[in-house]
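Structure first, then comments.
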Amino acid sequence: MRESFDIVVRSDKYTLTVKLLYSVSIILLIIWVMNIVPSLFQWRINQIDHDVLPKTIKFSCNNISVPNASDSDLASVLHKIYSPISKTSVQKYPLRYSLEENRLEKLYDSLGVNKTVKTFLKYGHRTIFRPMDFSKCHASKCAVITDMNRWREADALILTEDKVPNGIRPPEQLWFSLIHESPVHIAMAGTLENEINYTISFRLDSTIYSPYGSYEPYMKHHGPETRYPLPSRNFATGKSKKVAWFVSNCIPKSPRMQYAKELSRHIPLDIYGRCGTLSCPKYIPTDTSSISCLKMIRENYKFYLSFENSLCSEYITEKLYKNSLKNDLLPIVMGASIEEYQRVAPPYSFIHVDQFESPGKLAEYLKYLDKNDTAYNEYFAWHGHGIIHDYDAQPQCAMCLLAHTSHSFGPYWVPSVARWWNDGCNGRKLRWNP
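Here it is, written out as structure tokens:
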């Protein structure tokens with residue numbers, strides 16, 4: 001009897017051991033699959049991307065190398081990747097730095113350490129918002145010269161308007177068009193056809209996208225249709241006034257003055273600046289009084305008129321980002337289309353004037369929000385799910401990278417640049433007709 005009992009116990013222990021080993025094997029298999037599948041997936045992507053290249057090319061996370069190949073040989077090989085870029089047009093499929101950044105950085109790294117410094121010259125009288133500092137860029141071997149008489153010596157020109165130098169252009173010189181004003185204020189001349197290599201502007205279809213601000217969601221898959229629960233904070237607390245507006249250009253190329261005048265007939269509107277009766281200094285980062293001005297409207301007002309000076313494609317300035325969204329105000333926007341605002345703003349974070357048939361109807365809705373904290377706070381539900389960036393674009397990093405690598409994929413010219421740029425404002429009008 002005792003012997004039978006021992007046999008049963010040993011049998012149970014054996015069964016338990018087998019089950020334990022089986023469970024461990026399953027867990028190890030799952031871990032292996034979780035690690036190998038992404039690797040296989042990435043391997044397939046690399047195969048798709050690089051099947052056009054000879055098998056002797058070695059790819060790593062940080063660079064590309066060809067055994068026993070000179071820099072010029074490598075550039076010739078990599079030309080197979082990039083040459084299709086030069087056959088496209090800006091209207092159909094322009095070169096996008098944002099899409100090509102990873103490849104261009106690898107190409108830059110492959111050119112070796114003995115890179116020459118590429119020089120840029122701003123040609124034109126319009127200022128660039130911020131000094132160009134290349135020290136923090138992946139491609140940092142670039143510098144700026146300022147004497148426009150030396151324009152032929154520069155590797156690249158930065159054109160800030162349609163002004164171009166007189167004389168024969170050096171064949172290898174790149175021309176970047178950098179514009180931050182709307183086409184209403186800076187129109188492109190037809191003489192620039194097939195002269196510009198790369199465009200830099202607030203438009204998403206520029207070679208280098210350089211906006212006045214941006215919204216970065218913490219969850220990348222969140223989009224315009226995403227809805228969040230109400231914020232724990234009441235953004236209406238302490239705000240006894242309704243609508244504020246900073247404005248200094250009283251004769252804009254848009255109907256914003258007429259719209260604001262009609263809106264003021266239906267709801268209190270406080271106008272600061274040269275076009276109003278209230279005084280508030282223009283925002284200057286180093287001026288503490290201008291910062292306190294933004295704080296003043298943040299603490300006292302619920303709404304802000306983010307009205308642009310022209311109705312143009314994707315023309316959205318700091319009026320949305322700095323003056324409104326980052327300042328805890330609900331922006332009433334005019335300038336780009338509703339869809340264009342939805343592409344760049346946090347979900348459900350603004351009111352567009354074209355959502356209403358008239359300023360009077362808009363005023364009725366604002367009065368409703370003024371009395372209903374729950375409805376008002378729905379426009380602030382995005383808080384805590386993303387971050388607003390002020391104007392912090394660094395186009396110089398992309399410019400330096402392109403200056404070093406563009407020779408590897410052949411010349412690229414933007415055709416019909418004047419039509420592409422100038423047409424951004426054609427046919428734009430408000431739903432309300434003053």
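For the sequence shown, the residue numbers in UniProt numbering are 1 to 434. Cβ coordinates follow ideal geometry from the N, Cα and C atoms, glycine included. Computed from a predicted structure; not experimentally measured.
- In its chain, beyond the 5 residues on either side, no residue has a beta carbon closer than 6 angstroms to the beta carbon of GLU172.
- As DSSP reads the structure, HIS352 sits in a beta bridge with VAL333.
- With a cutoff of 8 angstroms on beta-carbon distance, LEU430 and PRO255 are scored as near each other.
- Between the alpha carbons of ILE168 and ALA363 lies a distance of about 58 angstroms.
- Nearest C-alpha to VAL353 among ALA375, ALA260, SER292 and CYS397: ALA260.
- In the displayed model, HIS221 falls within coil according to three-state DSSP, outside both helix and strand.
- Looking at the backbone, the Cα of TYR321 and that of LEU29 are separated by about 49 angstroms.
- CA-to-CA, the gap between ARG428 and GLY335 works out to about 9 angstroms.
- With contacts defined as CB atoms closer than 8 angstroms, ALA381 and PRO252 fail to qualify as a contacting pair.
- When secondary structure is reduced to three states using DSSP, SER214 falls in the strand class.
- CA-CA distance, ASN433 to THR277, rounds to 26 angstroms.
- In the three-state reduction of the DSSP assignment, TYR391 falls in the coil class.
- MET188 counts as buried, since at least 16 other C-beta atoms from the protein chains shown sit within 10 angstroms of its C-beta.
- A direct Cα-to-Cα measurement between LEU157 and LEU174 gives close to 6 angstroms.
- The stretch 267-275 and the stretch 323-331 do not touch, with fewer than three beta-carbon pairs separated by less than 8 angstroms.
- It is roughly 36 angstroms from the alpha-carbon of SER406 to the alpha-carbon of ILE338.
- Separation of TYR412 and ASN197 (C-alpha to C-alpha, rounded to the nearest whole angstrom) is 6 angstroms.
- For the options GLN396, TYR341 and ARG126, the alpha carbon positioned closest to that of PHE307 is the one of TYR341.
- Counting along the chain, THR119 sits inside the beta strand (DSSP E) bounded by residues 118-123.
- By the Cβ test, the stretch 145-164 is in contact with the stretch 119-129, since at least three Cβ pairs between them sit closer than 8 angstroms.
- Here DSSP, grouped into helix, strand and coil, assigns GLY360 to helix.
- When only Cα atoms are considered, SER416 and ILE145 end up about 29 angstroms apart.
- Across the set ASP390, LEU330, ASP370 and CYS312, the C-alpha of CYS312 shows the shortest separation from the C-alpha of ASP423.
- For ALA260, there is no enclosing beta strand (DSSP E); the residue is found in the alpha helix (DSSP H) stretching over 256-264.
- Taking one beta carbon from each stretch, the stretch 386-401 and the stretch 202-217 have 3 or more pairs nearer than 8 angstroms; the two touch.
- The C-beta of ARG152 has fewer than 16 other C-beta atoms within 10 Å across all chains shown, which makes the residue exposed.
- Contact between ALA345 and TYR304 is absent: CB atoms are separated by about 13 angstroms, not below the 8 angstroms threshold.
- By the neighbour-count criterion, in which a residue is buried when 16 or more other Cβ atoms sit within 10 angstroms of its Cβ, ASN249 is exposed.
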